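Visitor: After the structure tokens below, expect a handful of questions from me.
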Amino acid sequence: MRRSALFLAAALAGTAAFPAGGQPVLVETPLLEAAVKAGTLPPVAARVPAQANIAVLEKHGKSLGRHGGKLNLLMGKQKDTKIMMVYGYARLISYDENLNFVSDLLADFDVQDQRIFTFRLRKGHKWSDGHPFTTEDFRYYWEDIATNTDISSKGLPQALLVQGKGPTFEVLDETTVRYTWSAPNPNFVPWIARPRPLLLYRPAHYLKQFHAKYGDEAKLNAAARKENKRNWANLHADRDRWYRMDNPARPTLQPWHNSTKPPSERFIFKRNPFYHRVDKNGRQLPYIDNVVLNHGATNMVPARTGSGEADLQARYLRFDHFTFLKESEKRYDFSVRLWKKARGSQIALFPNLNARDEVWRDLFQDVRFRRALSIAIHRAEINQVIYYGLAQESQDTVLRKSPLYKDAYRTAWTAFDLSQANKLLDEVGLTERDEDGLRLLPDGRPAVITVETAGESTEQTDVLELVRDGWRQVGIKLLSKPSQREVFRQRIYSGDTIMSIWSGVSNGIPTALMSPSEFSPSNRLQLQWPRWGHYVQSGGKSGEMPELKPAKRLIRLNEEWTNATSASEKSKIWHEVLQIHADNVFVIGLVNGTMQPVVISNKLRNIPAEGVYNWHPGAYFGIYKPATFWLTEEKGGRS
Amino acid sequence: MLGYLVRRFFIMIPTLLAISLIVFLIIELPPGDYLESYVSELQAQGETVDQKHIEFLREQYGFDKPVLTRYWEWVTGMVVGDFGFSFEYRLPVSDVVGDRLFLTILVSTVTIIFTWIIAFPIGLYSATHQYSWGDYGLTFIGLLGLATPNFLLALIMLYFANVIFGTSIGGLMDPDYIDQPWSWDKAMSVLEHLWIPVVVIGTSGTAGMIRRLRANMLDELQKQYVTTARAKGLPPLRMLLKYPLRNAINFFIADIGSLLPNIISGAELVAVVLSLPTTGPVLIAALQSQDMYLAGSFLMFLASLTVVGVLLSDILLAWLDPRIRLAGGVAK
Amino acid sequence: MSIETGNDRQLDHYVSKAPFDPRSIEALPPEQERYYLASQWQLMWWKFIRHRLALISGGFLLLMYGSILISEFLAPYNLHSRNINAIYSPPQSVHIFHEGAFIGPFVYGTHYKLNLRNLRREYTEDTSKIYRVNFFCRGDEYDFWGLGTGDLHFFCIEEGGTLFLLGTDRLGRDILSRILYGARISLTIGLIGIMMSFVLGMVIGGIAGYYGGVIDLVVQRIIEILQSFPQIPLWMALSAVLPVTWSPLLIYFGITVILAMLDWTGLARAVRSKLLALREEDYCLAAQLMGAKPKRIIGRHLMPGFMSHLIASATLSIPTMILGETALSFLGLGLRPPITSWGILLNEAQNISVVALYPWLILPVAPVILVILAFSFLGDGLRDAADPYK
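Below, the structure written as structure tokens:
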């Protein structure tokens with residue numbers, strides 16, 4: 286009876302096409318058989334939700350796997366345990382490989398006018414400790430965390446606010462909740478699907494014991510102080526470390542849950558026996574029993590990977606380790622793949638349009654000056670020298686993989702052309718030169734641009750070496766100065782830094798449904814216009830009002846995008862944003878489409894050979910659903 | 519003697535207070551704070567940073583309190599054994615450090631023994647054969663260890679140990695034994711990994727040890743009692759070991775002060791390269807990410823150890839050497 | 153002295169007509185005389201040259217320090233000259249004979265191919281092309297100490313060829329040239345640093361040793377406190393304080409000051425204890441009895457006594473400073489590119505790919521080792537010579 290219910294619900298939910306005629310007969314996981322027999326764990330049929338999410342593997346060219354094995358990963362700092370929240374990538378709603386939203390933890394969801402969001406849970410869904418996952422967990426988050434003044438003393442998270450106002454939250458029944466805003470909130474679902482998501486639910490049954498509302502406040506405060514924490518809210522936040530996933534006692538919905546008490550050099554993540562997905566053969570996912578995180582110095586990760594200590598590794602590997610790893614391929618049973626990165630520009634120069642120095646500020650706000658700087662860079666050489674010619678010379682814009690891509694956006698003002706750069710600089714009025722051939726600024730100083738780096742990557746200093754030559758030829762001297770990461774952003778925000786180097790937009794593969802806010806002043810952490818960004822972010826309370834026309838237009842466009850209802854409308858807005866960027870060169874992008882070496886054990890199945898390695902959207906490996914990865918028993922196999 | 523001890527002990531208190539001030543200064547001086555470095559780390563990865571979350575953390579971690587309050591809370595906490603809270607680990611400092619102390623002490627102790635075993639015979643030989651080719655050659659080898667930057671040597675040895683012996687890279691044991699109870703196999707695995715850090719750290723210490731032993735021995739050898747002993751026909755080796763050597767190794771005792779903190783902190787840089795589960799890398803990482811209470815309490819702990827160590831060696835010396843005891847306090 | 157006086161058998165009273173020299177009996181052979189009349193410094197020199205390794209080391213160091221005056225001339229390429237067709241090129245070997253025929257020093261041309269399978273740049277010798285190594289020739293243009301530009305180099309390669317005796321790095325820069333330029337920073341940082349710590353140590357140690365009492369006690373405590381910290385955290389904290397607005401040159405001096413600030417304690421201790429010990433010596437007492445003023449006693453009698461020791465221990469702590477700079481670079485603190493020092497070169501070599509694939513990038517370790525060895529031997533020699541009356 287349960288099975289037929291499961292079949293029915295899955296078919297109705299329509300999240301996964303169910304093969305006609307085949308009913309998955311649930312199979313017990315070998316690792317858990319003993320516990321089930323001993324009665325400490327319910328049988329698989331009672332663990333999987335009545336409306337299990339059935340993984341359609343063959344649709345993505347994947348195979349049906351077997352249970353068992355462990356996956357070794359190499360990590361650096363203690364807090365890298367968070368990577369399991371990212372790789373696990375079980376979200377209420379998640380991106381599929383084609384960047385469409387699909388319900389994952391949810392049985393189904395429904396959006397009206399981008400304002401009213403109704404979420405339906407799976408019946409019989411359980412936390413990793415076996416306790417039911419219900420709308421009570423959503424209520425707990427909303428009432429006892431998000432709107433609790435002790436825990437969220439700073440108010441609702443940014444992602445829940447639309448024009449400064451939060452949603453109305455309703456529990457419709459045990460499996461249905463609804464969030465309603467008065468204005469469209471197109472970023473709500475993307476936020477839920479992010480690698481570090483907006484987490485709308487918490488394990489209420491576990492956390493209540495730390496909440497003053499459900500216990501004795503004085504006692505909780507005393508317990509908190511014993512652990513060096515200020516008050517119970519602190520203790521509650523500590524026990525609830527959902528993102529770091531390092532509290533073994535806190536239940537989760539991810540495919541693996543931590544079993545090691547920190548601090549440790551080695552965290553073992555065990556399979557979640559209540560995970561909500563099964564394959565067509567009735568095997569509960571994940572296939573792999575344990576994921577082991579071995580921590581150590583990050584600079585030794587390439588060496589350790591090269592000695593076969595990792596089964597799946599990309600973190601802390603850089604492009605220049607590829608050759609070394611390729612050599613080690615011969616000695617160990619792994620393959621090195623090159624995946625694409627999806628940053629708008631691997632490395633970009635950010636002229637500070639809010640620089641304190643008025644002369645520089647005026648120059649940087651002059652589009653001709655920015656264009657001249659851009660075309661005086663020999664991008665092809667940078668590509669050859671540092672990226673072996675495998676990258677793309679490009680502005681800081683969307684990549685070819687994005688449906689919004691146009692060649693013109695990429696190539697605008699990127700062709701190396703010294704004579705035109707010189708002409709543009711002359712037009713700007715920098716005609717005077719000193720005896721070394723350096724152009725003189727209007728106030729008589731020589732044109733020396735100091736580019737500040739966050740001081741950690743040699744890649745950036747190397748690129749600057751290459752940029753220096755081109756700029757020298759148009760009469761501008763480049764000095765690079767390493768800063769410290771603590772002061773890097775401060776100095777940019779205060780306008781002390783006139784130019785900085787960093788990577789371009791983090792999402793280079795957006796669809797029209799993703800927010801274009803990265804391309805417009807929206808955040809104080811933006812390096813090209815920190816004060817304008819702060820102005821928008823704070824709703825005009827701090828920062829400076831942008832006066833530059835295209836920047837104002839970008840802000841306007843961002844608002845229009847938020848209110849636009851149709852995909853075609855949003856797409857139109859996106860194109861205008863990208864066109865403005867291409868014309869104005871607010872950020873001087875250098876190359877994109879760079880590669881990330883990914884080391885994959887030859888025993889590991891269902892992971893694509895070619896992929897995109899990106900934080901958002903992508904969650905690194907998360908989008909390829911590591912719960913469906915499996916380890917073969919045969920030796921080798923992959924070529 | 520008792521008066522000397524009491525006086526010596528009371529001098530320690532202002533010293534420790536001054537140290538705590540300096541430590542606090544060290545961790546407060548660098549611009550920015552832990553949250554700044556936390557934000558830029560998130561940014562580097564592409565994570566969006568919710569300003570509200572940061573403000574919440576700022577409050578949670580007590581960054582909103584004035585500097586003096588924080589200093590006072592930290593110092594008074596330490597007196598009652600509360601070393602503060604690590605932001606990075608989100609654990610009390612004692613939990614973070616305590617976990618690693620055993621292996622750190624193991625590595626350091628073995629290293630020191632290794633250093634002594636190498637340095638002793640070489641120092642003796644060099645002193646008794648001054649300016650011979652043997653003296654030159656052995657000193658040269660000792661100095662070579664001093665002259666090679668440790669962190670580079672560590673990396674090179676690590677690589678070749680992996681290629682030649684298949685030793686897993688980094689760490690003090692095969693990963694499978696981490697967090698497992700001690701067993702014969704685990705001990706063997708530790709031994710297999712231990713020699714690289716011991717040799718790398720040891721080589722740099724050997725040269726100094728050789729040099730000091732040689733110089734002290736040379737001083738002693740010129741004294742008249744040596745001539746007397748020789749004239750009386752004492753066998754050379756016995757004479758050497760029984761009299762001048764005993765006097766020459768006084769400096770080992772004087773060294774205890776500086777030895778103790780070295781045992782605990784381990785050679786930080788080598789430990790970082792070799793990913794040793796010792797305290798050194800924790801300290802370095804804490805300083806880099808401005809995890810201030812972790813760094814501060816740990817530094818304080820090390821400095822106090824030195825002070826205690828110096829006290830111990832002063833007492834030992836005073837006990838051994840009546841001149842110091844009676845002169846009252848011109849020690850070391 | 154003989155009393156035999158020829159054939160005269162008569163033994164009569166003899167009176168020597170030579171003027172009486174009451175000291176003639178003490179006359180010494182010239183060799184010994186030279187020894188006893190020599191000044192203390194001369195004696196030290198004689199004792200020093202007996203330590204042959206120290207002598208050689210001293211000579212080597214003089215050469216090294218001399219080289220930093222003319223790095224531009226000695227280096228075949230400029231510090232920042234890149235060659236994008238020779239990235240990660242291994243060291244080229246110099247040949248003299250080509251197919252049995254004498255040509256003089258030359259290198260073969262290289263053939264470069266990018267292996268796209270493992271992204272390795274592969275270089276092969278192309279023996280059909282021969283490029284002669286020329287001496288005193290024209291090459292990269294440089295600015296010589298602000299005195300003017302020059303392009304004369306000690307050696308360079310014939311037009312069209314490349315000469316990378318120690319290989320190139322990831323941007324195709326010549327390692328040999330970078331080592332030669334890096335010496336400028338790395339060698340002087342030790343020297344300037346030691347001078348500062350020398351002055352600090354002398355003044356503070358001298359005051360403590362001479363006045364004693366409360367001052368001595370306070371200084372002793374300060375030294376104890378400073379020495380009770382592990383060095384690396386102190387370096388890290390202090391170099392993090394250096395303002396980022398400083399120019400690279402200022403940062404360089406800042407780092408030097410930091411290294412010096414933590415180094416003087418040992419010297420101060422040595423000065424103090426030497427002063428205390430020498431104060432009790434008989435000759436000091438004698439000088440006091442003869443009415444010499446403290447100033448004269450310190451300057452004339454005590455100073456020479458411990459100066460030599462100080463110089464020796466100062467020499468011995470230069471290596472710590474040079475290694476300190478490399479350690480700071482390793483931590484990403486202190487000096488950073490585009491400044492080039494040995495520490496920075498080594499830090500760039502601190503990478504598993506380098507050890508496995510491009511081992512020639514580790515070569516900057518050779519001058520570091522050599523210089524530190526030389527300083528150590530020189531210091532040993534100086535110390536042995538410091539007490540010449542032994």
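Residue numbers (the working numbering), protein chains in the order written: chain A, 286 to 924; chain B, 519 to 850; chain C, 153 to 542.
Ideal Cβ positions, reconstructed from N, Cα and C, are used throughout, including at glycine.
Computed from a predicted structure; not experimentally measured.
Can a CB atom of chain A be found closer than 9 angstroms to the CB of R711/B?
Guide: Per the sequence presented here, residue 711/B reads as His, with Arg not at that position. Closer than 9 angstroms: no.
Visitor: My guess is that I736/A and M799/A are in contact by the Cβ rule of under 8 angstroms, so how many angstroms apart are they, rounded?
Guide: Contrary to the premise, residue 736/A reads as Val rather than Ile in this sequence. Rounded, the Cβ-Cβ distance is 30 angstroms, inconsistent with contact.
Visitor: Could you check whether the Cβ of T587/B sits closer than 9 angstroms to any Cβ belonging to chain C?
Guide: It does not: the Cβ of T587/B has no partner Cβ on chain C nearer than 9 angstroms.
Visitor: Between which two residues does the beta strand (DSSP E) harbouring S886/A extend?
Guide: That run of the beta strand (DSSP E) goes 880 to 886.
Visitor: Expressed to the nearest angstrom, what Euclidean distance is found between the alpha-carbon atoms of F632/B and P715/B?
Guide: F632/B and P715/B: Cα-Cα distance of roughly 11 angstroms.
Visitor: Could you check whether N338/A and R407/A sit closer than 9 angstroms to each other, using their CB atoms as the reference points?
Guide: Yes; because the gap between Cβ atoms is below 9 angstroms, this pair is in contact.
Visitor: Determine whether the beta carbon atoms of G334/C and L411/C lie at a separation below 9 angstroms.
Guide: Not closer than 9 angstroms, so no.
Visitor: Distance cutoff 9 angstroms, beta carbons only. Does S245/C sit that close to anything in chain B?
Guide: Answer no: the Cβ-Cβ gap between S245/C and chain B never drops below 9 angstroms.
Visitor: Output yes or no for whether 9 angstroms exceeds the beta carbon distance between S630/A and V876/A.
Guide: Yes. Within cutoff.
Visitor: Write down the C-beta distance between T746/A and P490/C rounded to the nearest angstrom, noting that I regard them as a contact closer than 8 angstroms.
Guide: Yes, they are in contact, since the Cβ atoms of T746/A and P490/C sit about 7 angstroms apart, within 8 angstroms.
Visitor: Quick check on A253/C: does DSSP put it in helix, strand or coil?
Guide: Three-state DSSP puts A253/C in a strand.
Visitor: Could you give the C-beta distance for Y468/A and Q448/A, rounded to a whole number, given that I count them as a contact under 8 angstroms?
Guide: According to the sequence provided, residue 468/A is Ala. The question's Tyr does not apply to it. That belief holds up - the Cβ atoms of A468/A and Q448/A are roughly 6 angstroms apart, short of 8 angstroms.
Visitor: Going by DSSP, which residues form a beta bridge with S785/A?
Guide: For S785/A, which the question treats as bridged, DSSP gives the partners F635/A, E737/A.
Visitor: Could you check what DSSP says for M348/C in three-state terms: helix, strand or coil?
Guide: Helix.
Visitor: Contact between the region 524 to 534 of chain C and the region 208 to 217 of chain C: three or more CB pairs below 8 angstroms?
Guide: Touching, per the Cβ criterion.
Visitor: Assuming P925/A is part of the alpha helix (DSSP H), what are its boundary residues?
Guide: In the structure as shown, chain A starts at 286 and stops at 924, and residue 925/A therefore has no counterpart that could be examined.
Visitor: Listing by chain order, which chain C residues have their CB less than 9 angstroms from the CB of Y522/B?
Guide: Under the 9 angstroms cutoff, chain C gives no residues; its nearest Cβ is about 14 angstroms from Y522/B.
Visitor: Give the C-beta separation of L487/C and I403/C to the nearest angstrom, bearing in mind that I take them to be a contact with Cβ-Cβ under 8 angstroms.
Guide: So it is a contact: roughly 7 angstroms between Cβ atoms.
Visitor: Identify whether M530/A lies in helix, strand or coil by the three-state DSSP scheme.
Guide: DSSP places M530/A in coil when its eight states are reduced to three.
Visitor: So who's on the other strand from C308/C, going by DSSP bridges?
Guide: Paired residues: N286/C.
Visitor: In terms of alpha-carbon separation, which member of P442/A, E720/A, M530/A lies closest to G373/A?
Guide: Ranking the options by Cα distance to G373/A, first place goes to M530/A.
Visitor: Let me know the alpha helix (DSSP H) ranges lying completely inside the region 678 to 752 of chain A, each 4 residues or longer, listed in chain order.
Guide: 692 to 696, 703 to 713, all fully within the region 678 to 752 of chain A.
Visitor: Below 8 angstroms on the Cβ atoms is my guess for R535/A versus Y491/A; work out the distance and round it to an integer in Å.
Guide: Confirmed, about 6 angstroms.
Visitor: When you compare the CB of L271/C with every CB in chain A, is at least one pair closer than 9 angstroms?
Guide: By this cut-off, L271/C is an interface position.
Visitor: At a Cβ threshold of 9 angstroms, is Q631/A touching chain B?
Guide: Taking Cβ atoms only, chain B never reaches closer than 9 angstroms to Q631/A, which makes this a no.
Visitor: Hey, which unbroken runs of the beta strand (DSSP E) at 3 residues or more fall wholly within the region 689 to 762 of chain B?
Guide: Those beta strand (DSSP E) runs which fall completely within the region 689 to 762 of chain B and span 3+ residues do not exist here.
Visitor: In this structure, does DSSP put G307/A in helix, strand or coil?
Guide: In this prediction, G307/A scores a pLDDT of 46, lower than 50, which makes its location untrustworthy; the coordinate-derived value is nonetheless stated afterwards. Three-state DSSP puts G307/A in coil, outside helix and strand.
Visitor: According to the Cβ coordinates, are G354/A and N575/A closer than 9 angstroms?
Guide: A contact, by the Cβ cut-off of 9 angstroms.
Visitor: Does the beta carbon of I463/C come closer than 9 angstroms to any beta carbon on chain B?
Guide: It does not; no Cβ of chain B falls within 9 angstroms.
Visitor: Could one say the Cβ of E786/B lies closer than 9 angstroms to chain C's Cβ atoms, at least one of them?
Guide: For E786/B, the answer is yes, since a Cβ of chain C falls inside 9 angstroms of its Cβ.
Visitor: Relative to chain E, which residues along the region 837 to 870 of chain A have a C-beta separation below 8 angstroms, given in chain order?
Guide: Looking at the structure shown, chain E is missing, and the protein chains on hand are A, B and C.
Visitor: By DSSP, does Q758/A sit in helix, in strand, or in coil?
Guide: Three-state result, Q758/A: helix.
Visitor: At a Cβ cut of 8 angstroms, what residues of the region 597 to 616 of chain B count as close to chain A, listed as they run along the chain?
Guide: Hits within the stretch, in order: D600, G602, F603, E606, Y607, R608, L609, P610, D613, V614.
Visitor: Relative to the alpha-carbon of I463/C, which residue among T301/C, L317/C, W416/C, L221/C has its alpha-carbon at the smallest distance?
Guide: Per the Cα distances, W416/C.
Visitor: Taking 8 angstroms as the cut-off, does the region 550 to 563 of chain B touch the region 767 to 779 of chain A (at least 3 CB pairs, one atom from each stretch)?
Guide: As far as the Cβ criterion goes, the region 767 to 779 of chain A touches the region 550 to 563 of chain B, which means the pair count is three or higher.
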